[in-house]
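Residue numbers (my numbering): 104 to 237.
The following block contains the structure:
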């Protein structure tokens with residue numbers, strides 16, 4: 104069955120946090136991140152996944168937030184999306200609004216998304232990449 108997988112950038116080039124000067128941190132993460140454009144995924148770890156049927160229900164739960172719905176539905180249209188620090192506010196607001204009435208499987212997915220969004224909020228250089236897998 105087709106599924107949707109969200110990967111989170113998680114690799115580091117250097118072993119210790121203090122080895123990365125603060126002014127170079129964005130460059131380091133960017134260098135790790137650009138590999139996905141040519142099919143390299145070794146800098147990402149799968150963060151959460153679901154069937155496309157569950158993802159359709161996630162989109163339905165977010166239908167009241169045009170911006171969040173449009174962003175996530177791009178995954179079905181284009182096969183891949185990125186979620187970065189510019190998407191935190193609208194997605195978090197939509198997730199918070201949808202969670203109280205979401206069915207359990209959708210709520211579990213939304214909760215994992217909320218956790219990932221919080222990680223991006225704490226470290227804006229990190230982002231998610233969602234892909235539709237056949």
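C-beta: ideal position from N, C-alpha, C; glycine also.
What you are looking at is a predicted structure, and each value in this text was computed from that prediction instead of being measured.
With DSSP as the reference, label residue 203 as helix, strand or coil. Walking along the chain shown from the start, residue 203 turns up at place 100. Residue state, collapsed to three classes: helix.
Terminal residues of the alpha helix (DSSP H) in which residue 174 lies: Within the chain shown, numbered from 1, the residue matching residue 174 stands at position 71. Here the alpha helix (DSSP H) through residue 174 covers 169–181.
Can you tell me where the beta strand (DSSP E) with residue 239 in it begins and where it stops? This structure gives no information on residue 239, because the portion of the chain shown stretches from 104 to 237.
Can you say whether residue 156 is buried or exposed, counting buried as having 16 or more other CB atoms within 10 angstroms of its CB? Looking up residue 156 in the chain shown gives position 53. Residue 156 should be labelled exposed.
Kindly list the residues whose CB is nearer than 6 Å to the CB of residue 143, restricted to its own chain and excluding five residues on each side of it in sequence; keep chain order. For the purposes of this step, residue 143 is identified with residue 40 of the chain shown, where counting begins at 1. Confidence in residue 143 is poor, its pLDDT being 44 and thus under 50, which makes the residue's placement unreliable; the coordinate value appears in the next sentence. Excluding sequence neighbours, residue 143 sits near nothing in its chain.
Ends of the beta strand (DSSP E) at residue 226? Taking the chain shown and counting its residues from 1, one reaches residue 226 at position 123. Per DSSP, residue 226 belongs to no beta strand (DSSP E) and is neither H nor E.
Relative to the alpha-carbon of residue 161, which residue among 187, 202, 147 and 110 has its alpha-carbon at the smallest distance? Reading the chain shown from its first residue, position 58 is the one you call residue 161. Of the candidates 187, 202, 147 and 110, the one whose C-alpha sits nearest the C-alpha of residue 161 is 202.
Euclidean distance between Cα positions of residue 209 and residue 164: Counting from 1 along the chain shown, the entry for residue 209 is found at position 106. Counting from 1 along the chain shown, the entry for residue 164 is found at position 61. Between residue 209 and residue 164, the C-alpha separation is close to 8 Å.
Helix, strand or coil for residue 216 per DSSP? Looking up residue 216 in the chain shown gives position 113. DSSP places residue 216 in helix when its eight states are reduced to three.
Taking the alpha-carbon positions, what's the residue 105 to residue 226 distance? Along the chain shown, read from residue 1 onward, the residue named residue 105 stands at position 2. Along the chain shown, read from residue 1 onward, the residue named residue 226 stands at position 123. Rounded to the nearest angstrom, the two C-alpha atoms are 31 Å apart.
For residue 167 versus residue 197, is the C-beta spacing smaller than 9 Å? For the purposes of this step, residue 167 is taken as residue 64 along the chain shown, with counting starting at 1. For the purposes of this step, residue 197 is taken as residue 94 along the chain shown, with counting starting at 1. Result yes, Cβ atoms of residue 167 and residue 197 sit closer than 9 Å.
Please classify residue 216 as buried or exposed, where buried requires at least 16 neighbouring CB atoms within 10 angstroms. To locate residue 216, count along the chain shown from 1; it is residue 113. Buried: at least 16 other Cβ atoms inside 10 Å.
Give the single residue among 112, 228 and 235 whose Cα lies nearest to the Cα of residue 189. Locating residue 189 in the chain shown gives position 86, where the first residue counts as 1. Residue 189 has its Cα closest to that of 228, out of 112, 228 and 235.
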